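Q: Handing you this structure, nothing more for now.
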Amino acid sequence: MPEKTPAFRPLPPGSVIGMLGGGQLGRMTALAAAAMGYRTHVLSPEPDSPCAQVTDRATLSSYRDEAALAAFADTVDVVTFEFENIPYETVAFLAGRTTVRPGPEALAVCQDRLREKDFVNRLGIGTAPYRAVPDLSALADAVAAIGTPSVLKSTREGYDGKAQALIRSPEEAEDAWRRIGKRPAILEGFVDFACEVSVIAARGADGTVACYPVVENRHRNHILAETIAPAKVDPALAAEADSIGRRLVEALDVVGLLAVEMFLTKDGRLLVNELAPRPHNSGHWTMDACPTSQFEQFVRAVCGLPLGPVAPWRPAVMTNLIGDDAAAWAEILAEPGAKLHLYGKTEARPGRKMGHVNRVRPLTGD
Numbered sequence: 000m001p002e003k004t005p006a007f008r009p010l011p012p013g014s015v016i017g018m019l020g021g022g023q024l025g026r027m028t029a030l031a032a033a034a035m036g037y038r039t040h041v042l043s044p045e046p047d048s049p050c051a052q053v054t055d056r057a058t059l060s061s062y063r064d065e066a067a068l069a070a071f072a073d074t075v076d077v078v079t080f081e082f083e084n085i086p087y088e089t090v091a092f093l094a095g096r097t098t099v100r101p102g103p104e105a106l107a108v109c110q111d112r113l114r115e116k117d118f119v120n121r122l123g124i125g126t127a128p129y130r131a132v133p134d135l136s137a138l139a140d141a142v143a144a145i146g147t148p149s150v151l152k153s154t155r156e157g158y159d160g161k162a163q164a165l166i167r168s169p170e171e172a173e174d175a176w177r178r179i180g181k182r183p184a185i186l187e188g189f190v191d192f193a194c195e196v197s198v199i200a201a202r203g204a205d206g207t208v209a210c211y212p213v214v215e216n217r218h219r220n221h222i223l224a225e226t227i228a229p230a231k232v233d234p235a236l237a238a239e240a241d242s243i244g245r246r247l248v249e250a251l252d253v254v255g256l257l258a259v260e261m262f263l264t265k266d267g268r269l270l271v272n273e274l275a276p277r278p279h280n281s282g283h284w285t286m287d288a289c290p291t292s293q294f295e296q297f298v299r300a301v302c303g304l305p306l307g308p309v310a311p312w313r314p315a316v317m318t319n320l321i322g323d324d325a326a327a328w329a330e331i332l333a334e335p336g337a338k339l340h341l342y343g344k345t346e347a348r349p350g351r352k353m354g355h356v357n358r359v360r361p362l363t364g365d
């Protein structure tokens, strides 16, 4: 079925963006869209979601309710998603009725760790060594091939360390299988890395690509705690990370954003860890340090607009507010130069992202 709107005709202000998923990434996208004159209609199974709090229309529905999806498609001009655990069938169904950016095929690759690793390797881009583990019987052979320590991860739905288990010796394999829920998985070799970095690549409907500078990401308990932008890496490595982002966003035919998480190994190699075809936690710093935030860029891409400039005005550090960290909101607001962003979540649970704070750093010599 043809797209509801021609591929390269920008959507005018007043058009409606359909957002699948009601989390904070959808919320910040909707706020950016509103500043540009667009409206957002969010569909999510979560009542009072962070995104629904800032939109003029919300549909409370399962992602598999085709009647609700069809009605949703009739009210919007383009559809996108704010996390990649939306069922592929949902996005494919909507793509038969309206424009969806990014498309369902990019989603299919990025929501399955095995397909993702295979895709990256076919382009000649490095990853950690890995083996498919469709069932428990395949795990022993995978451990023998990859060795230990290694990490067992579910092929789908795990994030922020969920559905992952470290295997330190072959004797721990069966317990790791149990801990990830006894489901199809991938075993990855443990990477001895110097740091973790990421690049966010934007691609417009006309094929134009713009990459934000490579950043360094620091984690706590498997959850991103801090992003340092730009990363203090060799210029040649920064250029290589930029090239990897560009190659992947083009190969996946993404119209929107693609976050590429990478390990920088101690011997100077970049290995792709994960892909995310949507705004990303490691891009939150762009809200206060770049002329075009990742959320505005996302809106520009999915609405068929020209991409905005990405060169930062200043270096920045983004700190996630996780669980009770958000209780310090008053102190953060009193801090000169700190930019607080809260997500509208009422319950602060351990490990839950409640907001973030951006601290823009002075230029050398200021």
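Using numbering that gives the first Met the number 0, the first residue of the sequence shown is number 0, and each one after it goes up by one.
Think of the CB as a built atom: it goes at the ideal place given N, C-alpha and C, for glycine as much as any other residue.
This one's a predicted model, so the numbers in the text were calculated from it and none came from an experiment.
1) Which of the three DSSP states is assigned to phenylalanine 192 in this structure?
2) Who are the Cβ neighbours of leucine 304 in its own chain at under 7 Å, not counting the five residues just before and after it?
3) Can you tell me the Cα-Cα spacing of glutamine 110 and alanine 34, whole angstroms?
4) Do the region 15-34 and the region 273-284 meet, that is, are 3 or more Cβ pairs less than 8 Å apart?
5) Using alpha carbons as the reference points, say which of Arg63, Leu306, Glu195, Gly146 lies closest to phenylalanine 189.
6) Roughly how many angstroms separate the alpha carbons of alanine 250 and alanine 66, rounded to a whole number?
7) Measure how close the beta-carbons of valine 90 and valine 99 come, nearest whole angstrom, since I'm counting them as under 8 Å.
8) Please confirm if serine 61 has its CB atom under 8 Å from at least one CB of chain D.
9) Entirely within the region 190-248 and at least 4 residues each: give me those alpha helix (DSSP H) ranges in chain order.
10) If aspartate 404 and cysteine 210 are in contact, beta carbons under 8 Å, what's the gap, nearest whole angstrom?
11) Taking buried to mean at least 16 other C-beta atoms within 10 Å of its own C-beta, is lysine 231 buried or exposed?
12) Run through DSSP, which three-state label would serine 48 get?
13) Whose C-beta lies closer than 6 Å to the C-beta of glycine 354 among residues of the same chain, with five residues either side of it excluded?
14) Can you tell me which residues form a DSSP beta bridge with phenylalanine 294?
15) So, is serine 197 buried or exposed, given that buried needs 16 or more other C-beta atoms within 10 angstroms?
16) In this structure, how does DSSP classify alanine 337 when only helix, strand and coil are distinguished?
17) Give the DSSP bridge partners of glycine 343, in chain order.
18) Could you tell me the alpha carbon to alpha carbon distance between alanine 288 and phenylalanine 297, rounded to whole angstroms?
19) Can you give me the C-alpha to C-alpha distance between valine 78 and leucine 19, rounded to a whole angstrom?
20) Do leucine 135 and tryptophan 176 have their CB atoms nearer than 8 Å?
21) Once DSSP output is grouped into helix, strand and coil, what is the label at alanine 275?
22) Which residues in the same chain have their Cβ closer than 6 Å to the Cβ of valine 253, if we skip the five residues on either side of it in sequence?
23) Figure out for me which residue from Ala137, Ile124, Ala184, Gly125 has the closest Cα to the Cα of valine 150.
24) Quick check: the Cα distance between aspartate 64 and methionine 261, rounded to an integer number of angstroms?
25) Would you mind working out which of Pro361, Pro86, Ala193 sits nearest arginine 217, comparing C-alpha positions?
26) Quick check: what's the CA-CA separation for proline 169 versus valine 142?
27) What residues in its chain sit with their C-beta under 6 Å from that of arginine 56, if we drop five residues either side in the sequence?
28) According to DSSP, is glutamate 81 part of a helix, a strand, or is it coil?
29) Hey, quick one: how far does the beta strand (DSSP E) through glutamate 260 stretch, first residue to last?
30) Could you tell me whether the Cβ atoms of alanine 347 and glycine 322 are closer together than 8 Å?
31) Can you give the beta carbon distance from alanine 377 to tryptophan 312, rounded, assuming they're within the 8 Å contact cut?
32) Note the first and the last residue of the continuous beta strand (DSSP E) segment covering threonine 58.
33) Taking the C-alpha atoms as reference points, what is the distance between serine 14 and aspartate 76?
34) Verify whether the separation of the beta carbon atoms of glutamate 239 and leucine 269 is less than 8 Å.
35) If distances are taken between C-alpha atoms only, which option among Arg130, Glu115, Asn357 comes closest to leucine 247?
36) Decide if lysine 338 is buried, meaning its Cβ has at least 16 other Cβ atoms within 10 Å, or exposed.
A: Walking through what the data contain:
1) DSSP places phenylalanine 192 in strand when its eight states are reduced to three.
2) Closer than 7 Å at Cβ, skipping near neighbours: Pro9.
3) Distance between the alpha carbons of glutamine 110 and alanine 34 is about 30 Å.
4) Contact holds: three or more Cβ-Cβ distances are below 8 Å.
5) Looking only at Arg63, Leu306, Glu195, Gly146, the smallest Cα-Cα distance to phenylalanine 189 is reached by Gly146.
6) Rounded to the nearest angstrom, the two C-alpha atoms are 33 Å apart.
7) Right, their Cβ atoms sit about 6 Å apart.
8) The chain labelled as chain D is not found in the depicted structure, where only one protein chain is given.
9) Segments of the alpha helix (DSSP H) lying fully in the region 190-248: there are none.
10) Only positions 0 to 365 of the chain appear in the structure, and residue 404 is not among them; the question remains open.
11) Exposed.
12) Residue state for serine 48 is assigned as coil, using DSSP reduced to three classes.
13) Within the same chain, glycine 354 has close Cβ partners Leu320, Ala325, His340, Leu341, Tyr342.
14) Looking at the DSSP assignment, phenylalanine 294 forms no beta bridge with any residue, so it has no partner.
15) Serine 197 is buried by the Cβ-count criterion.
16) In the three-state scheme derived from DSSP, where H, G and I count as helix and E and B as strand, alanine 337 is classed as strand.
17) Assignment of beta-bridge partners to glycine 343 by DSSP yields no partner.
18) Alanine 288 and phenylalanine 297 have their C-alpha atoms spaced approximately 16 Å apart.
19) The C-alpha of valine 78 lies about 7 Å from the C-alpha of leucine 19.
20) Yes, these two residues count as a Cβ contact at 8 Å.
21) Under the three-state reduction of DSSP output, alanine 275 falls in the strand class.
22) Cβ neighbours of valine 253 beyond the five flanking positions: Pro101, Ala105, Arg202, Pro276.
23) Ranked by how close their Cα comes to the Cα of valine 150, the residues Ala137, Ile124, Ala184, Gly125 have Ala184 in first place.
24) Distance between the alpha carbons of aspartate 64 and methionine 261: 36 Å.
25) When only C-alpha atoms are compared, the closest one is Ala193.
26) Each residue's alpha carbon lies about 7 Å from the other.
27) If we look at arginine 56 and ignore the five residues flanking it on each side, its Cβ neighbours are His40.
28) It is coil, neither helix nor strand.
29) Start and end: 255-264.
30) Yes, the pair counts as a contact, with Cβ atoms nearer than the cut-off.
31) Any answer about residue 377 is impossible in this case: the structure gives the chain only from 0 up to 365.
32) Threonine 58 -> beta strand (DSSP E) spans 56-59.
33) Answer to the nearest angstrom: the Cα atoms are 6 Å apart.
34) Yes. Within cutoff.
35) The option with the nearest alpha carbon to leucine 247 is Glu115.
36) Burial call: buried.
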